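Residue numbers (my numbering): 21 to 141.
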């Protein structure tokens, strides 16, 4: 996985020689998850930037129908597998979980929940 090298460098482990540490060490696993959520990986914005409204889509994003919202976060995380393919049960499940938790926290979901019509990064 191409994230292990940069994540390891950022938080202090050798992700290329010892990637299994992420699954074997809960502190490293949590740090890695936070690193992924918070870190922009060009051309992808960070998930955090998208969800807090700090990301402004580029011209390339607009041409690829990558609109700000939960669907763009799905694209950042799993775009090549789940986005731009029309209706997808995995995406629908993810949206269902998101709606459940936004309801529990009594916050709105915002627009653009799916990535069905987005080109992946």
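Note that CB positions come from ideal geometry on N, CA and C, so glycine has one too.
All values reported here derive from a predicted model rather than from experimental measurement.
Bridge-paired residues (DSSP) for residue i
i	result
residue 139	In the DSSP output, where bridge partners are listed per residue, residue 139 has none listed.
residue 64	61
Buried versus exposed, by CB contacts within 10 Å (16 or more), residue i
i	result
residue 111	buried
residue 123	exposed
residue 102	buried
Assumed close pair residue i, residue j - CB separation to whole angstroms, cut-off 8 angstroms
i	j	result
residue 118	residue 141	Not confirmed; about 20 angstroms, so no contact.
residue 42	residue 24	7 angstroms
residue 93	residue 67	5 angstroms
Sequence-distant residues of its chain with Cβ nearer than 6 angstroms to residue i (five each side left out)
i	result
residue 87	132
residue 52	27, 42
residue 58	66, 68
Beta-carbon contacts of residue i that lie in its chain and below 7 angstroms, excluding the five residues immediately before and after
i	result
residue 84	138, 139
Cut-off 8 angstroms between Cβ atoms - residues of its own chain near residue i, not counting five sequence neighbours on either side
i	result
residue 71	90, 93
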